[in-house]
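A.B. asks: Protein chains in written order, with my numbering: chain L, 269 to 675; chain H, 318 to 626.
Right, dumping it as structure tokens:
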């Protein structure tokens with residue numbers, strides 16, 4: 269029996285080991301070099317720079333970098349030079365928390381932009397709030413991040429004072445999606461699928477709430493594992509349920525094959541949230557035509573306020589596109605820059621000793637015209653800009669269909 | 318609409334893919350009692366090898382004509398890496414305690430993943446893989462995608478070839494002898510080192526075929542795809558009786574069908590509404606594994622062999 273018990277033991281051990289070892293970290297530090305009488309302020313960037321979601325993550329990194337460079341070139345804050353420290357969180361909460369500790373350990377660092385994933389944000393909020401270090405996410409839509417776990421019952425309570433975001437919440441996004449699907453696309457029977465992550469499950473839940481309220485019918489519900497690529501068993505269930513569309517709470521790496529397998533078997537569209545709104549979704553999915561996604565803000569290409577951002581991004585010559593969160597990231601980084609500016613102006617043009625606490629205080633009062641529109645934060649740290657847009661894949665491209673501010 | 322034929326087909330296609338990968342685990346384990354955890358990565362490398370060949374071909378070539386070349390490319394890459402791994406990572410440790418090569422295998426698995434991540438162009442995210450155009454084909458009430466036909470044809474052919482090889486050829490019989498008793502086999506003049514390399518190579522070639530099937534089916538491959546598929550294939554090998562090649566294929570198909578049926582029907586069982594669907598399919602697949610191992614500890618087709626001294 270020695271063989272068999274060894275076999276079982278090693279299976280268990282290695283499964284655990286392989287899961288754990290997936291959490292290394294790759295740094296992408298930029299060296300800080302203070303010189304002369306200018307002071308250096310580092311803005312941390314946390315996003316998945318490798319792996320499935322790196323298309324979105326690299327867009328975030330580059331857009332934050334662009335904000336810092338623009339502030340330096342325009343001398344937005346006299347006497348202050350901004351630098352970016354970008355860390356890769358691999359979309360994993362455990363890595364995100366390690367990164368948070370690294371950011372906190374860097375004394376020149378006064379604010380962090382990111383992360384992309386709501387699940388990662390959950391692991392970073394507490395250390396940042398304890399360290400009074402401001403964090404602004406351009407992409408987290410999990411409602412509980414700013415409004416506490418009981419927001420559904422109307423009992424809103426801000427859990428972490430150092431957390432802000434330029435993205436709207438899933439409560440708003442799900443409601444907007446349900447409205448669009450029911451009223452504009454006129455779909456009444458929907459099959460609901462999510463990937464069991466905080467983002468996907470939250471979005472699916474808020475979609476369901478509004479959709480049933482409007483009179484739509486959820487004809488079936490299922491969950492998938494986001495690391496799988498074969499969803500045919502679920503698709504077969506969708507087919508026999510008679511659904512006219514599938515709403516998917518999740519991200520494009522699993523969303524793309526799900527959509528394709530859906531079209532292979534039953535010709536109905538897949539609708540998702542901002543996690544699906546990526547060019548890679550279409551690249552990985554040969555049958556994306558007709559799929560719908562919602563995303564926060566307006567397409568930056570259609571905003572006058574974003575023209576300069578797009579032109580600058582192009583001039584800077586980044587290898588990767590700014591993707592869905594480019595504009596929001598720029599605004600998130602800029603809000604930190606504005607806060608630093610206010611703090612420095614209050615302190616005779618120099619950084620105070622308790623700069624982190626002062627920047628955090630200043631964040632509540634930040635208000636400026638950003639890439640995505642007016643930027644300011646409410647008492648929960650949420651953006652006051654609730655503009656949402658629905659996109660549909662037409663001729664192999666995401667095309668915007670409807671933009672609306674949601675109340 | 319009756320879902321059953323479709324769910325069975327879904328399970329069969331997935332299971333055939335598990336089975337092809339499981340061959341590699343089972344052959345290596347059968348001969349040197351090593352669980353080659355890097356095998357999932359050998360599978361992944363086969364996929365990237367095939368994609369490389371496809372990208373290098375003239376764009377006018379039809380996919381059907383390209384497939385033999387893609388398989389060849391995938392097989393060459395997989396076999397080369399697998400044989401090199403055997404030579405440099407496992408052979409030096411052959412007389413070491415059994416845990417040492419196992420840990421080496423895990424290290425190798427990570428190293429291979431990271432190597433692809435780092436050096437294959439654009440592999441930090443999923444890469445798109447060519448697929449057949451055209452509608453699904455209806456067979457016995459189940460829709461079969463054109464890409465899925467590949468694995469349904471390739472898997473039985475591969476099994477047939479392997480069965481003939483093992484039972485009819487000299488090398489195949491040498492393999493059986495080595496697996497039964499390596500020391501005696503060596504005394505009888507069998508070059509066991511060569512047999513072991515052969516087992517690694519055959520397993521890698523089958524994994525490469527499975528990787529082409531995976532790409533054609535899902536339209537994308539990525540550097541992490543070997544992890545889950547490898548784990549499932551290993552499960553299939555244990556389920557079917559590790560060390561038995563037919564058991565590996567049977568285990569794969571049983572596992573795939575079990576997953577599909579758990580997704581499709583478990584939530585219809587009264588009292589099980591919460592435990593059905595795609596989220597629980599892996600749980601049910603492993604419950605099945607545990608049940609089978611409780612009743613038949615040697616696996617479905619495994620033989621009860623005396624422990625070696």
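C-beta atoms are modelled at their ideal positions from N, C-alpha and C, and glycine is treated no differently.
List, in chain order, every chain L residue whose beta-carbon is nearer than 9 Å to that of residue 402(H).
C.D. replies: Those do not exist, as residue 402(H) stays about 16 Å from chain L at its closest Cβ, beyond 9 Å.
A.B. asks: Ignoring anything shorter than 4 residues or poking outside the region 319 to 373 of chain L, list the alpha helix (DSSP H) runs there in chain order.
C.D. replies: Taking only runs of at least 4 residues, the alpha helix (DSSP H) segments lying wholly in the region 319 to 373 of chain L are 322 to 342, 361 to 373.
A.B. asks: Using the rule of at least 16 other Cβ atoms within 10 Å of the residue's Cβ for burial, across every protein chain shown, is residue 291(L) buried or exposed?
C.D. replies: Its pLDDT being 43, under 50, residue 291(L) is placed unreliably in this model, and the value from its coordinates should be taken loosely. With fewer than 16 Cβ atoms within 10 Å of its Cβ, residue 291(L) is classed as exposed.
A.B. asks: On the criterion of 16 or more Cβ atoms from any shown chain inside 10 Å, does residue 494(L) qualify as buried, or is it exposed?
C.D. replies: It counts as buried.
A.B. asks: Closer than 7 Å by beta-carbon distance: list the chain L residues that pair up with residue 324(H), in chain order.
C.D. replies: Those are 501, 504, listed as they occur along chain L.
A.B. asks: Below 8 Å between beta carbons is the criterion; list the residues of the region 337 to 352 of chain H that meet it against any residue of chain L, in chain order.
C.D. replies: Of all residues in the region 337 to 352 of chain H, 350, 352 have a Cβ within less than 8 Å of some Cβ in chain L.
A.B. asks: Please report how far the alpha carbon of residue 420(H) lies from the alpha carbon of residue 398(L), in whole angstroms.
C.D. replies: Cα to Cα, the separation comes out at about 39 Å.
A.B. asks: Quick one: Cα of residue 471(L) to Cα of residue 517(L), how far?
C.D. replies: Those two C-alpha atoms are separated by around 6 Å.
A.B. asks: Excluding the 5 residues preceding and the 5 following residue 315(L) in the sequence, name in chain order all residues of the same chain whose CB lies nearer than 7 Å to its CB.
C.D. replies: For residue 315(L), where only same-chain residues beyond five positions count, the Cβ hits under 7 Å are 325, 328, 329, 357, 382, 383, 384.
A.B. asks: Can you have a look at residue 436(H) and say buried or exposed, based on whether 16 or more other CB atoms are within 10 angstroms of its CB?
C.D. replies: Classification of residue 436(H): exposed, given that the 10 Å Cβ count is below 16.
A.B. asks: At which residue ranges does the region 506 to 586 of chain L contain complete beta strand (DSSP E) runs of 3 or more residues, listed in the order of the chain?
C.D. replies: Qualifying beta strand (DSSP E) stretches, in chain order: 513 to 517, 538 to 540, 560 to 564.
A.B. asks: For residue 600(H), name the three-state secondary structure that DSSP assigns.
C.D. replies: Residue 600(H) falls in the helix class under three-state DSSP.
A.B. asks: Taking 8 Å as the CB-CB limit, is residue 535(L) close to chain H?
C.D. replies: Not an interface residue.
A.B. asks: Out of 360(L), 649(L), 529(L), which has the shortest C-alpha to C-alpha gap to residue 552(L)?
C.D. replies: Ranking 360(L), 649(L), 529(L) by Cα distance to residue 552(L) puts 529(L) first.
A.B. asks: At a Cβ cut of 8 Å, what residues of the region 535 to 549 of chain H count as close to chain L, listed as they run along the chain?
C.D. replies: Listed by position along the chain: 535, 536, 537, 539, 541, 542, 544, 545, 548.
A.B. asks: Of all Cβ atoms in chain H, is any one closer than 8 Å to the Cβ of residue 492(L)?
C.D. replies: Answer yes: the Cβ-Cβ gap between residue 492(L) and chain H drops below 8 Å somewhere.
A.B. asks: Of all the residues that make up the region 422 to 452 of chain H, which are near chain L by a beta-carbon distance shorter than 8 Å?
C.D. replies: Answer set for the region 422 to 452 of chain H: 423, 426, 427, 434, 441, 442, 443, 445, 448.
A.B. asks: Distance check for residue 537(L) and residue 323(H), CA to CA, integer angstroms please.
C.D. replies: Looking at the two C-alpha atoms, the distance is approximately 20 Å.
A.B. asks: Are residue 605(H) and residue 577(H) close, meaning C-beta to C-beta below 8 Å?
C.D. replies: The answer is no: Cβ separation not under 8 Å.
A.B. asks: Can you give me, in chain order, the residues of the region 543 to 570 of chain L that have a beta carbon less than 8 Å from any beta carbon in chain H?
C.D. replies: Answer in chain order: 548, 551, 552, 553, 554.
A.B. asks: When you compare only the Cα positions, how much space is there between residue 442(H) and residue 317(L)?
C.D. replies: Straight-line Cα distance between these residues: approximately 10 Å.
A.B. asks: Determine the closest residue to residue 364(H) out of 387(H), 429(H), 406(H), 348(H), with distance taken between C-alpha atoms.
C.D. replies: It is 387(H) whose Cα lies nearest to the Cα of residue 364(H).
A.B. asks: Here's the rule I'm using: 16 or more other beta-carbon atoms within 10 Å means buried, otherwise exposed. How should residue 647(L) be labelled?
C.D. replies: Residue 647(L) should be labelled exposed.
A.B. asks: Can you confirm whether residue 331(H), when its beta carbon is compared against all beta carbons of chain L, has any partner nearer than 8 Å?
C.D. replies: For residue 331(H), the answer is yes, since a Cβ of chain L falls inside 8 Å of its Cβ.
A.B. asks: Which same chain residues end up closer than 6 Å to residue 353(H) when comparing Cβ atoms and leaving out the 5 residues on each side of it in sequence?
C.D. replies: For residue 353(H), where only same-chain residues beyond five positions count, the Cβ hits under 6 Å are 345, 422.
A.B. asks: Using the Cα positions of residue 398(H) and residue 361(H), report the straight-line distance between them to the nearest angstrom.
C.D. replies: Cα to Cα, the separation comes out at about 11 Å.
A.B. asks: Quick test of the definition: if touching needs 3 or more C-beta pairs under 8 Å, does the region 519 to 539 of chain H touch the region 456 to 471 of chain H?
C.D. replies: Output reads yes: the region 456 to 471 of chain H touches the region 519 to 539 of chain H.
A.B. asks: For the beta strand (DSSP E) holding residue 433(L), just list the boundary residues, first then last.
C.D. replies: Its beta strand (DSSP E) spans residues 431 to 433.
A.B. asks: Kindly list, in the order they appear in chain H, the residues whose Cβ is closer than 8 Å to that of residue 496(L).
C.D. replies: In chain order: 545, 595.
A.B. asks: For a contact meaning CB atoms closer than 7 Å, what does residue 581(H) contact in chain L?
C.D. replies: Under the 7 Å cutoff, chain L gives 501, 504, 505.
A.B. asks: Quick one: complete beta strand (DSSP E) runs, 3+ long, within the region 400 to 448 of chain H?
C.D. replies: As far as the region 400 to 448 of chain H is concerned, it has no whole beta strand (DSSP E) run of at least 3 residues.
A.B. asks: Contact between the region 333 to 344 of chain H and the region 565 to 573 of chain H: three or more CB pairs below 8 Å?
C.D. replies: Verdict: yes, contact present.
A.B. asks: Going by Cα to Cα distance, which pick from 634(L), 452(L), 673(L) is closest to residue 653(L)?
C.D. replies: It is 673(L) whose Cα lies nearest to the Cα of residue 653(L).
A.B. asks: Quick check: the Cα distance between residue 516(H) and residue 328(H), rounded to an integer number of angstroms?
C.D. replies: Whole-angstrom Cα-Cα distance: 27 Å.
A.B. asks: If you run the structure through DSSP and keep just helix, strand and coil, what is residue 636(L)?
C.D. replies: Here residue 636(L) sits in strand by DSSP.
A.B. asks: Can you give me, in chain order, the residues of the region 661 to 674 of chain L that have a beta carbon less than 8 Å from any beta carbon in chain H?
C.D. replies: Those residues of the region 661 to 674 of chain L that come within reach of chain H (Cβ to Cβ, closer than 8 Å) do not exist; the list is empty.
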